[in-house]
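Trainee:
2 protein chains.
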Amino acid sequence: MERISLAKLSATVELAPGRSPAYETVVNFTHELGTAVTLARWERADCCDSIVESGGIGWVLSGTVLKSVILESGQRRIVDLMMRGDFFSLQRDDPRVFSFEISTDEAVTARIAHRDLISLPVSQPDLYRFVHERTCETISRLENHILVQGRTRSAQKIASYLSLLCTHLSEEEGAAVELPMSRYDIADHVGIAVETVSRAITDLRRRGVVELETPRSLAMRQAQKLHPDLT
Amino acid sequence: MERISLAKLSATVELAPGRSPAYETVVNFTHELGTAVTLARWERADCCDSIVESGGIGWVLSGTVLKSVILESGQRRIVDLMMRGDFFSLQRDDPRVFSFEISTDEAVTARIAHRDLISLPVSQPDLYRFVHERTCETISRLENHILVQGRTRSAQKIASYLSLLCTHLSEEEGAAVELPMSRYDIADHVGIAVETVSRAITDLRRRGVVELETPRSLAMRQAQKLHPDLT
DNA sequence: CGCCAGTTTGACAGCCATCAATGGGGGTGG
DNA sequence: CCACCCCCATTGATGGCTGTCAAACTGGCG
Numbered sequence: 022m023e024r025i026s027l028a029k030l031s032a033t034v035e036l037a038p039g040r041s042p043a044y045e046t047v048v049n050f051t052h053e054l055g056t057a058v059t060l061a062r063w064e065r066a067d068c069c070d071s072i073v074e075s076g077g078i079g080w081v082l083s084g085t086v087l088k089s090v091i092l093e094s095g096q097r098r099i100v101d102l103m104m105r106g107d108f109f110s111l112q113r114d115d116p117r118v119f120s121f122e123i124s125t126d127e128a129v130t131a132r133i134a135h136r137d138l139i140s141l142p143v144s145q146p147d148l149y150r151f152v153h154e155r156t157c158e159t160i161s162r163l164e165n166h167i168l169v170q171g172r173t174r175s176a177q178k179i180a181s182y183l184s185l186l187c188t189h190l191s192e193e194e195g196a197a198v199e200l201p202m203s204r205y206d207i208a209d210h211v212g213i214a215v216e217t218v219s220r221a222i223t224d225l226r227r228r229g230v231v232e233l234e235t236p237r238s239l240a241m242r243q244a245q246k247l248h249p250d251l252t
Numbered sequence: 022m023e024r025i026s027l028a029k030l031s032a033t034v035e036l037a038p039g040r041s042p043a044y045e046t047v048v049n050f051t052h053e054l055g056t057a058v059t060l061a062r063w064e065r066a067d068c069c070d071s072i073v074e075s076g077g078i079g080w081v082l083s084g085t086v087l088k089s090v091i092l093e094s095g096q097r098r099i100v101d102l103m104m105r106g107d108f109f110s111l112q113r114d115d116p117r118v119f120s121f122e123i124s125t126d127e128a129v130t131a132r133i134a135h136r137d138l139i140s141l142p143v144s145q146p147d148l149y150r151f152v153h154e155r156t157c158e159t160i161s162r163l164e165n166h167i168l169v170q171g172r173t174r175s176a177q178k179i180a181s182y183l184s185l186l187c188t189h190l191s192e193e194e195g196a197a198v199e200l201p202m203s204r205y206d207i208a209d210h211v212g213i214a215v216e217t218v219s220r221a222i223t224d225l226r227r228r229g230v231v232e233l234e235t236p237r238s239l240a241m242r243q244a245q246k247l248h249p250d251l252t
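Chains as they are written, first to last, in our numbering: chain A, 22 to 252; chain B, 22 to 252.
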């Protein structure tokens with residue numbers, strides 16, 4: 022982990038390809054916060070549990086962060102997947118022991134401590150409004166994932182999961198995107214076995230719903246409407 | 022649906038049995054908001070989609086509210102279940118068409134419109150802090166449900182689902198609680214078939230994990246630790 | 001009494017978790 | 001440079017679980 026300054030931030034995230042308008046507002050928000058914000062650069066497989074220490078909220082400026090928990094059975098369950106522009110709450114004294122982990126080669130995160138967050142409404146009310154909007158977006162993201170997990174068949178789960186991922190990663194319809202996680206991560210996120218994930222993806226490829234250049238490079242074809250059993 | 026005033030509120034919710042300390046803070050919060058709050062009493066199966074109209078956030082003072090969506094296939098999926106003291110976000114211009122529905126005989130809800138919510142940090146900063154805490158609790162609730170849905174076996178899902186429900190409904194360990202929803206609702210919430218829900222509950226009853234006086238009255242025995250395959 | 005919604009149980013086919021094995025790619029050390 | 005190892009992805013085989021269809025039972029209500 023490496024602390025970075027606001028001044029060095031633009032040099033880092035400017036490189037991020039295909040930034041959407043919504044992401045720019047997050048970068049602007051980060052700059053406007055000034056000294057209240059803490060930035061950090063991480064590398065693959067870094068464990069960033071320390072991010073929770075001072076509470077408040079965090080967000081992702083580049084890369085992908087996984088929020089996970091290890092069950093008594095030893096199984097890892099991924100509760101949330103945060104990508105560029107996504108916010109997440111940092112709850113101290115949470116009896117549930119969550120871990121945060123980087124799943125991309127590199128990631129840049131930002132956060133504000135709880136004490137700075139609660140003083141924000143008086144000092145910068147419009148920034149607080151932005152925080153509230155983003156927190157509601159976090160709720161939407163979790164709700165979407167509940168809908169994905171609620172699908173009965175594994176092919177449906179994977180199809181809707183990948184579809185969500187693609188719309189988040191690229192505005193362009195049908196463009197190839199680089200999956201920010203392994204098959205194992207997908208399995209632990211949707212709650213099915215790795216082998217079933219692999220089989221489901223192979224099945225979708227055969228049916229022409231997705232195309233794979235490499236196992237990590239995926240393009241969605243809008244063929245879902247042609248396959249009513251996937252809805 | 023019936024509008025009720027703040028003055029009549031105490032007569033309604035005071036009757037709610039087994040109120041926990043956390044719930045009292047919600048009632049206090051409701052009173053302190055004054056004119057900004059809108060109260061409503063509903064009856065079973067009422068559709069309260071109109072609650073979203075002015076945005077902002079809502080919360081439950083008594084009864085149970087379901088947030089659901091109808092898929093193209095005609096299936097109903099329950100995304101969230103809000104009980105006494107639970108908050109939920111009311112997002113206008115959400116492309117996803119959610120419905121809100123009462124699953125108990127009666128329910129009382131409260132809400133603040135978006136315009137009142139965004140002016141709250143300047144007028145009553147400590148109330149806004151409370152809103153933020155509750156919004157984070159909403160995130161925790163959804164995360165917990167993702168963990169429930171992530172379980173592989175249906176008996177595990179039902180066991181952890183009912184366990185969560187009981188700890189939320191009663192502080193007393195092992196006390197019988199009245200389930201605020203039907204087997205169909207449970208099925209649509211955890212994403213399995215009704216018959217499987219029924220079979221799983223019967224299975225748990227045979228193994229001594231739960232006890233049922235009536236199909237709706239349930240008591241958890243802390244026997245889960247005796248059954249390692251349920252963790 | 002008949003109807004209806006909710007719950008439960010049975011039978012069965014299809015799907016999925018598990019175990020097992022193979023192949024590919026990137027890294028390290030010889 | 002090559003051998004080796006490890007992680008990841010994929011495919012096969014199989015038993016067990018679950019979705020689906022069907023039917024019976026309950027309690028409430030007109």
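Here a beta-carbon is modelled for each residue, glycine too, at the ideal position from N, C-alpha and C.
Owing to the predicted nature of the structure, the values given are computational and were not obtained by experimental measurement.
In the DSSP assignment, the alpha helix (DSSP H) including A/Phe151 goes from what residue to what residue?
Mentor: Pro146 to Gly171
Trainee: Flag this pair as touching only if the region 221–232 of chain A and the region 179–188 of chain B have three or more C-beta atom pairs under 8 Å; answer yes or no.
Mentor: The region 221–232 of chain A is not in contact with the region 179–188 of chain B.
Trainee: Let's see if you can read the secondary structure: which residues bound the alpha helix (DSSP H) around A/Arg204?
Mentor: Arg204 to Val211
Trainee: Quick one: residues in its chain with C-beta nearer than 6 Å to the C-beta of B/Arg155, no 5 flanking neighbours on either side, listed in chain order?
Mentor: Phe108
Trainee: Hey, A/Leu60 and A/Ile99 are a contact pair by Cβ (cut 8 Å); roughly how many whole angstroms apart?
Mentor: Incorrect: roughly 24 Å between the Cβ atoms, too far for contact.
Trainee: Kindly give me the distance between the Cβ atoms of A/Met241 and A/Thr85, rounded to whole angstroms, as I take these residues to be in contact under 8 Å.
Mentor: About 18 Å; that fails the 8 Å criterion.
Trainee: On a CA-only basis, which of B/Pro142, B/Glu127, B/Val90 and B/Leu141 is nearest B/Val254? Give me that one, please.
Mentor: Residue 254 of chain B is absent from the model: chain B starts at 22 and stops at 252.
Trainee: Residue range of the alpha helix (DSSP H) that A/Thr51 falls in?
Mentor: Pro42 to Leu54
Trainee: Pick out whichever of B/Gln177, B/Leu87, B/Arg150 and B/Gly106 has its Cα sitting closest to the Cα of B/Ile123.
Mentor: B/Leu87
Trainee: Pull up the distance between the alpha-carbon of A/Arg204 and that of A/Asn165, whole angstroms please.
Mentor: 20 Å
Trainee: Can you find a CB in chain A that lies within less than 8 Å of the CB of B/Ser203?
Mentor: no
Trainee: Just the C-alpha distance for A/Thr173 and A/Glu194, rounded to the nearest angstrom, thanks.
Mentor: 26 Å
Trainee: With 8 Å as the threshold, decide whether the Cβ of A/Thr188 is near any Cβ in chain B.
Mentor: no
Trainee: Please tell me whether A/Val81 and A/Thr130 are closer than 8 Å, where the distance is taken between their beta carbons.
Mentor: yes
Trainee: Cβ of B/Ile91 within 7 Å of any heavy atom in the ligand NAP?
Mentor: Absence of the ligand NAP is noted for the structure shown, with no ligands found whatsoever.
Trainee: DSSP three-state label for B/Leu30, please.
Mentor: helix
Trainee: Looking at the C-beta of B/Ser89, does it have a partner C-beta in chain A at a distance below 8 Å?
Mentor: no
Trainee: Kindly indicate the opening and closing residues of the beta strand (DSSP E) around B/Glu232.
Mentor: Val231 to Leu233
Trainee: Sorted by chain position, which residues of the same chain lie with C-beta nearer than 7 Å to A/Leu1's C-beta, five sequence neighbours on each side aside?
Mentor: With chain A covering 22 to 252 only, the question about residue 1 of chain A has no answer from this structure.
Trainee: Using a C-beta to C-beta distance shorter than 9 Å, which residues of chain B count as neighbours of A/Thr51?
Mentor: What A/Thr51 touches in chain B: nothing, since even the nearest Cβ is about 19 Å away.
Trainee: Under 7 Å between beta-carbons, which chain A residues line up against B/Arg150? List them in chain order, please.
Mentor: Ile139
Trainee: Quick one: what does DSSP say A/Leu92 is sitting in, helix, strand or coil?
Mentor: coil
Trainee: For A/Cys157 and B/Ser110, what's the separation of their Cα atoms in angstroms?
Mentor: Near 7 Å, if we compare the C-alpha coordinates of B/Ser110 and A/Cys157.
Trainee: Return no unless some Cβ of chain A is closer than 8 Å to the Cβ of B/Cys157.
Mentor: yes
Trainee: Is the CB-CB distance between B/Gly106 and B/Tyr44 below 8 Å?
Mentor: yes
Trainee: Out of B/Thr235, B/Ile213, B/Ala221 and B/Thr217, which has the shortest C-alpha to C-alpha gap to B/Arg97?
Mentor: B/Ile213
Trainee: At a Cβ threshold of 8 Å, is B/Gln243 touching chain A?
Mentor: no
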